[in-house]
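Take the sequence shown: its letter number 36 is residue 181 in the numbering used here, and every next letter is one higher.
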Amino acid sequence: MNLFSKHFELTEKYLSKIFDACNNMYFDNSLIKIPVNIIDSSEVNGYFKFDIDFENKILKNPRIEISKTHKRPYEALERTMLHEMLHYKVFLELTGGEIAAAFDAYNTENTDLFNKILYLENYAHGNKWNSYVTDINNKYNLKIS
Ligand SMILES: [Zn+2]
Numbered sequence: 146m147n148l149f150s151k152h153f154e155l156t157e158k159y160l161s162k163i164f165d166a167c168n169n170m171y172f173d174n175s176l177i178k179i180p181v182n183i184i185d186s187s188e189v190n191g192y193f194k195f196d197i198d199f200e201n202k203i204l205k206n207p208r209i210e211i212s213k214t215h216k217r218p219y220e221a222l223e224r225t226m227l228h229e230m231l232h233y234k235v236f237l238e239l240t241g242g243e244i245a246a247a248f249d250a251y252n253t254e255n256t257d258l259f260n261k262i263l264y265l266e267n268y269a270h271g272n273k274w275n276s277y278v279t280d281i282n283n284k285y286n287l288k289i290s
């Protein structure tokens, strides 16, 4: 069975290989490997998540989650993986200054600014992520949304 087999089994090992293939093909292997976990959700195909450590003012444990009910075939799965990997790329580009500013905003109860700086909630699919999607769609003739 190869990566593009129609009869693949959705396992974390398989998803990890898709991450590697996408990282190689679309990101020149620039994204540090993170876990790709399977979740049981019928509401979404995938998530990019990370933990917010308010005590130490750091962001940690970035990870991608893919629903086990994800619609096939491979191309759809790759689109979801790329969607989440672009969130991860935006996350990786956060600077120390931005992260510090986000925690300052949180401490002054400015949750909206906190979310805006960290591209959370309504800001997740905002300008930066969206411009990366447009770039990659144009460059590789894809239909990520
Ligand atoms: Zn998203």
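Think of the CB as a built atom: it goes at the ideal place given N, C-alpha and C, for glycine as much as any other residue.
Check                                                                                                                      : Outcome
Paired residues, beta bridge with E210 - DSSP                                                                              : N182, Y192
Cutoff 6 Å; reference N260; Cβ partners in own chain excluding five residues on either side                                : E266, Y268
For G271, the first and last residue of its enclosing alpha helix (DSSP H)                                                 : Counting along the chain, G271 falls outside any alpha helix (DSSP H), and DSSP gives it neither H nor E.
K205 (DSSP reduced to helix, strand or coil)                                                                               : strand
Simplified DSSP assignment, three categories, for D198                                                                     : strand
Chain-order list of residues whose beta-carbon lies under 7 Å from that of G271 (same chain, five-residue window excluded) : Y264
Any heavy atom of ligand 2 nearer than 6 Å to the CB - residues listed                                                     : Absence of ligand 2 is noted for the structure shown, with ligand 1 being the only ligands found.
Rounded straight-line distance, which links the Cα of T225 to that of N286                                                 : 15 Å
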